[in-house]
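Novice: First residue of the sequence shown? That's 2 in this note's numbering, and the numbers climb one at a time after it.
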Amino acid sequence: MSAASIVLNADLHCHSTVSDGLLAPAEVVRRAHTNGVDLLALTDHDELGGVAEARATADELGLRFVDGVEVSISWGDDQTVHIVALGVDPMNAELSAGLHQIRSGRDSRAGRMSVELDRAGIHGAYEGALKYAGNPALISRSHFARFIVEKGYARDVKSVFDHWLAKGKPGYVSHAWASLEDALRWIVGAGGTAVIAHPGRYRLSKAERLELFGAFKDLGGRGIEVQSGSHGPDDVREFATIARNFGFLASRASDFHGPGESWIDLGKMPQLPDDLTPVWSVLI
Ligand code: AMP
Ligand code: MN
Ligand code: MN
Ligand code: MN
2 MSAASIVLNA DLHCHSTVSD GLLAPAEVVR RAHTNGVDLL ALTDHDELGG VAEARATADE
62 LGLRFVDGVE VSISWGDDQT VHIVALGVDP MNAELSAGLH QIRSGRDSRA GRMSVELDRA
122 GIHGAYEGAL KYAGNPALIS RSHFARFIVE KGYARDVKSV FDHWLAKGKP GYVSHAWASL
182 EDALRWIVGA GGTAVIAHPG RYRLSKAERL ELFGAFKDLG GRGIEVQSGS HGPDDVREFA
242 TIARNFGFLA SRASDFHGPG ESWIDLGKMP QLPDDLTPVW SVLI
């Protein structure tokens, strides 16, 4: 099926307060509707707890909704990769247990980050980040970033990552997330479609990228984000080519986290190149 037959304003990647977004699930859906989104997936990090509220709101508004989750995995030499799972059964026991296992690592990682930040002169970061996260199982670098901005060490969240939290910076600690194999088994087992999130963000060589895409495909992965809030035009061209070469379905994804904290608002990305098969052709 070509994209031309089903051009939608689809946005298949965004976050709510159930992970590191700024808006509650219902507010995310209302904003998507206001922005003209026709098909929305909520994809909180390692957590499906927001999809019931989001789906209920989407039903009220007549917006098509896909249950989703963004799964954190570790790949190769301490590289974190995100896999977006679309159309999963949120009640699936093995997926739920897998996500629970991933979340249970977040608190101890946050403790390690806090120790490193303390050494670098930023004190009280664990408590400060927890205040933003609300729940130790959901604590993420975004919550640390908000605390660091609050304390005046950086002017915005992006510069916190550049100076403190990105790999190689003082507050970064390595962490073992799920394996690609486990994540794909859970997602496929829960009836979902697995999509590589924001491939342009990973610091991998060309050869390493091809290795990741090949392994992902061999394990049952089906899609790749071509239009992403974190992709520029060169990334879109590159990953459109990858989608063609690997036979991947293409996704369109804002990765919206909240007003003022995101590269792009819900549903505001350009359309996919029209020869690609959109991932929603298998979702709706
Ligand atoms: P974590 O899962 O705790 O490693 O946090 C990852 C989250 O941090 C991502 O999902 C983004 O929301 C945020 N993030 C990562 N890199 C950046 C960046 N350069 N600028 C702003 N936010 C970022
Ligand atoms: Mn995030
Ligand atoms: Mn991500
Ligand atoms: Mn995301």
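All C-beta atoms, glycine included, are put in the ideal place defined by N, C-alpha and C. Model, not experiment: these values are computed from the prediction.
What span of residues does the beta strand (DSSP E) with H144 cover, start to end?
Specialist: As a working mapping, residue 144 is identified with position 143 in the sequence shown. Where H144 is concerned, there is no enclosing beta strand (DSSP E), although the alpha helix (DSSP H) it sits in stretches over R142 to E151.
Novice: Is DSSP giving S6 helix, strand or coil here?
Specialist: On the sequence shown, position 5 is the one that residue 6 refers to. With a pLDDT of 48 at S6, under the threshold of 50, the modelled position of that residue is not reliable, and no figure is offered here.
Novice: Within this structure, are the beta carbons of L284 and L220 separated by less than 8 Å?
Specialist: Against the sequence shown, residue 284 aligns to sequence position 283. Against the sequence shown, residue 220 aligns to sequence position 219. Going by C-beta atoms, L284 is not nearer than 8 Å to L220.
Novice: Looking at ligand 4, does it come within less than 7 Å of D256, judged from the CB to the closest heavy atom?
Specialist: Counting from one through the sequence shown, the residue named residue 256 turns up at place 255. Flag set: Cβ of D256 near ligand 4.
Novice: In or out: M114 buried (at least 16 other Cβ within 10 Å) or exposed?
Specialist: Along the sequence shown, read from residue 1 onward, the residue named residue 114 stands at position 113. By the neighbour-count rule (16 or more Cβ atoms within 10 Å), M114 is buried.
Novice: Beta carbon of H176: closer than 7 Å to some heavy atom of ligand 3?
Specialist: Taking the sequence shown and counting its residues from 1, one reaches residue 176 at position 175. Not under cutoff, so the answer is no.
Novice: For the beta strand (DSSP E) that contains W76, what are its first and last residues?
Specialist: If you number the sequence shown from 1, residue 76 lands on position 75. Taken as a continuous stretch (DSSP letters only), the beta strand (DSSP E) holding W76 covers R65 to W76.
Novice: Could you name the residues that DSSP lists as bridge partners for I289?
Specialist: Coverage of the chain is limited to positions 2 through 285, which leaves residue 289 absent and any answer about it impossible.
Novice: Mind checking if Y154 is an interface residue toward chain B, Cβ cutoff 8 Å exclusive?
Specialist: In the displayed structure, chain B is absent; only one protein chain is listed.
Novice: Tell me F214's beta-bridge partners as DSSP assigns them.
Specialist: Reading the sequence shown from its first residue, position 213 is the one you call residue 214. Beta-bridge pairing links F214 to no other residue.
Novice: Report back the beta-carbon spacing between S282 and L250 to the nearest angstrom; my notes put them in contact at under 8 Å.
Specialist: The residue you call residue 282 lines up with position 281 of the sequence shown. The residue you call residue 250 lines up with position 249 of the sequence shown. About 7 Å separates the two Cβ atoms, so the contact holds.
Novice: By the 10 Å Cβ neighbour count, where 16 or more other Cβ atoms means buried, how is V89 classified, buried or exposed?
Specialist: Here residue 89 corresponds to residue number 88 of the sequence shown, with the count starting at 1. Looking at its Cβ environment, which holds 16 or more other Cβ atoms inside 10 Å, V89 is buried.
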